[in-house]
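S.K.: Encoded as structure tokens, here's the structure I'll be asking about.
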Amino acid sequence: MVQVTVFSCGGIAVGIYTSQKIIDGYSHITFLAAWAAAASGEISEQINPNFTSPSIFLPISTLPDSKRMTIPMIQERRRNCTTRRFLFSTSSLINLKKKAGPSSTRVMAVTGLIWKCAIDASRKLRPPTSKHDHVMLFPIDLRSKSSPPLPPYCIGNIVITTNSTCARNDDAGLHSLVEKLKNEDDQVDSEFIEKLKGEEGSRNIEGSLLDEEDCDRNEDVEITSVTNMCNGMMYEINFGWGRPIYVSVGNGEPYAPPVKNSVILMDTIYRDEIEAWVTLSEDDMTVFEQDPNLLSSASLNPSPLESFLYWLSVGVGDQYIPYVKNFMALMDTKSGDGIEVWVTLSVEDMTIIEQDPELLSFATLNPSPLENDV
């Protein structure tokens, strides 16, 4: 399902709704990228989707209809929950990776911190006698891990979900949780993937899904699931009117309401940041969103335009962001006591304003950014 919305200001929003029974997030991005390349006429960026995966990872045809889901019992987890959006800046990710350990990636560091804070919130709200085991479901893309690697534009649901467990009495420290995630990730190697291929692989995947459903039915286990859309091409997609300034996931109502204990990770326009959409029960979120460990690394619901305005200072133009007429951005200078203004007008209006004597008595036109450093 596709919906295109054109706003009176000239902005355009493209909304896409797909079923994960058919494609995963990587396939979703491939579809958008191929569509955009064809629409813009950029032959050099043409993307050819590959449809060989069903012959490698055979579809499962023996599961009852009630069990054909990546996250079992999903309807039960859509009640009394709420979603918050957190932004992890470049500097905070560098510091977080150091705390998480030398083997951590930025995605694992963020996942580990969110998991830690979710566990802490759960343990704080529940009495010691009702402690739970906590399981993190983390998706692993099989394309690059296969031997030989599958084509990057391979279409299908080509991910495997790993299960990392923090038992009720286990240490829930950041480093410990990230090590659990890393250990599970290391298990998914070429030998493991071979066991997922063909008819035998289909049976193995079926068993894994049934085990996952049994785990979800266990009242002594709390499951948190992650959808990782980082390191994708979402901000490279260009239909011909410029690349997006903001990409997000919708609440999905009425098609796919938020799922309790779920996390969605995405890049921002600045590429080195991570945006996390976290959905928890209302009670758990009240504690989670005030966790000092979380707030020392992430900002709660900042304006999506903050990163966009920063991009204006480092790379404005058709390659990344098209010029917007009658637009002005104000920024501090390095010294902190000056203001830099980026002004975009029509060519005719700019010819007049850039020669305005009153403006030039207060401002310097296009000085070198290095002047203060020389």
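Quick note, our numbering runs 39 ahead of the 1-based positions in the sequence shown.
Ideal Cβ placement from N, Cα and C applies to all residues, glycine included.
1) First and last residue of the beta strand (DSSP E) that includes residue 432?
2) According to DSSP, simplified to helix, strand and coil, what is residue 226?
3) Rounded C-beta distance between residue 184 and residue 227? I'm assuming under 8 Å.
4) For residue 350, count neighbouring Cβ atoms within 10 angstroms of its own Cβ and tell me buried if that reaches 16, exposed if not.
5) So for residue 131, helix, strand or coil by DSSP?
6) Could you tell me whether the Cβ atoms of residue 176 and residue 323 are closer together than 8 Å?
7) In the DSSP assignment, the alpha helix (DSSP H) including residue 327 goes from what residue to what residue?
8) Within 10 angstroms of the Cβ of residue 230, are there 16 or more other Cβ atoms? Answer buried if so, exposed if not.
9) Beta-carbon separation of residue 64 and residue 263 under 8 Å?
10) In this structure, how does DSSP classify residue 62 when only helix, strand and coil are distinguished?
11) Could you tell me whether the Cβ atoms of residue 78 and residue 366 are closer together than 8 Å?
12) In this structure, what does DSSP give as the bridge partners for residue 178?
13) State the Cα-Cα distance for the pair residue 181 and residue 120, rounded to the nearest angstrom.
14) Could you check the C-alpha separation between residue 133 and residue 214 for me, to the nearest Å?
15) Quick check on residue 304: buried or exposed, where buried means 16 or more other Cβ atoms within 10 Å of its Cβ?
16) Give the C-beta separation of residue 338 and residue 318 to the nearest angstrom, bearing in mind that I take them to be a contact with Cβ-Cβ under 8 Å.
17) Can you give me the C-alpha to C-alpha distance between residue 46 and residue 297, rounded to a whole angstrom?
18) Roughly how many whole angstroms lie between the Cα atoms of residue 391 and residue 379?
19) Roughly how far, in whole angstroms, is the beta-carbon of residue 76 from the beta-carbon of residue 155, given that I think they are within contact range, below 8 Å?
20) At the level of alpha carbons, what is the spacing between residue 44 and residue 306?
21) Quick check: what's the CA-CA separation for residue 299 versus residue 157?
22) Taking all protein chains shown into account, do 16 or more other C-beta atoms lie within 10 angstroms of the C-beta of residue 321, making it buried, or fewer, making it exposed?
23) Rounded C-beta distance between residue 140 and residue 218? I'm assuming under 8 Å.
24) Per DSSP, what kind of secondary structure is residue 74 in: helix, strand or coil?
25) So, is residue 273 buried or exposed, given that buried needs 16 or more other C-beta atoms within 10 angstroms?
26) Using three-state DSSP, classify residue 382 as helix, strand or coil.
27) Compare the C-alpha of residue 49 against each of 313, 42, 394 and 280 and name the closest.
28) Can you name the start and end residues of the beta strand (DSSP E) that residue 311 belongs to?
29) Between residue 204 and residue 159, is the Cβ-Cβ spacing less than 8 Å?
30) Roughly how many angstroms lie between the CA atoms of residue 130 and residue 406, to the nearest whole one?
31) At what residues does the alpha helix (DSSP H) containing residue 146 begin and finish?
32) How many Å lie between residue 111 and residue 247 at the Cα?
33) Any idea which residues DSSP pairs residue 318 with across the strands?
34) Among 331, 384, 286 and 371, which one has its Cα closest to the Cα of residue 342?
35) Mind checking residue 87: buried by the 16 CB within 10 Å criterion, or exposed?
M.R.: Walking through what the data contain:
1) Because the chain is modelled from 40 through 413, residue 432 falls outside the range shown and cannot be assessed.
2) Residue 226: helix per DSSP, three-state reduction.
3) About 6 Å separates the Cβ atoms of residue 184 and residue 227, confirming a contact at the 8 Å cut-off.
4) Any reading at residue 350 needs caution, since the residue's pLDDT is 49, under 50, leaving its predicted position unreliable; the model's value is listed next. By the neighbour-count definition (other C-beta atoms within 10 Å, threshold 16), residue 350 is a buried residue.
5) Here residue 131 carries a helix assignment [DSSP, helix/strand/coil].
6) Contact: no.
7) 321–327 is the extent of the alpha helix (DSSP H) around residue 327.
8) Counting Cβ neighbours within 10 Å, residue 230 comes out exposed, since fewer than 16 surround it.
9) Cβ atoms of residue 64 and residue 263: not closer than 8 Å.
10) It is coil, neither helix nor strand.
11) At least 8 Å separates the beta-carbon of residue 78 from that of residue 366.
12) Paired residue(s): 200.
13) Approximately 31 Å, taken between the alpha carbons.
14) For the pair residue 133 and residue 214, the Cα-to-Cα distance works out to about 15 Å.
15) A residue is called buried once 16 or more other Cβ atoms fall within 10 Å of its Cβ, and residue 304 is buried on that count.
16) The pair is not a contact, with the Cβ atoms about 18 Å apart (cut-off 8 Å).
17) Distance from the CA of residue 46 to the CA of residue 297, rounded to the nearest whole angstrom, comes to 26 Å.
18) Those two C-alpha atoms are separated by around 20 Å.
19) The Cβ separation is near 40 Å, so there is no contact.
20) Each residue's Cα considered, the two are about 23 Å apart.
21) Cα to Cα, residue 299 sits roughly 12 Å from residue 157.
22) Looking at its Cβ environment, which holds fewer than 16 other Cβ atoms inside 10 Å, residue 321 is exposed.
23) Rounded, the Cβ-Cβ distance is 7 Å, consistent with contact.
24) Assigned with DSSP and collapsed to three states, residue 74 falls in helix.
25) Around the C-beta of residue 273, 16 or more other C-beta atoms lie within 10 Å, and the residue is accordingly described as buried.
26) If DSSP states are grouped into helix, strand and coil, residue 382 belongs with the strands.
27) The shortest C-alpha separation from residue 49 is found at 280.
28) Per DSSP, residue 311 is not a residue of any beta strand (DSSP E), being assigned neither H nor E.
29) Cβ atoms of residue 204 and residue 159: not closer than 8 Å.
30) If I take the Cα positions, the gap works out to 28 Å.
31) Per DSSP, residue 146 belongs to the alpha helix (DSSP H) from 145–164.
32) Residue confidence for residue 111 is low, a pLDDT of 45 falling below 50, so the modelled location carries little weight; the figure read from the coordinates is stated next. Between residue 111 and residue 247, the C-alpha separation is close to 12 Å.
33) Answer is 122 and 301.
34) With distances taken between Cα atoms, residue 342 lies closest to 286.
35) Looking at its Cβ environment, which holds fewer than 16 other Cβ atoms inside 10 Å, residue 87 is exposed.
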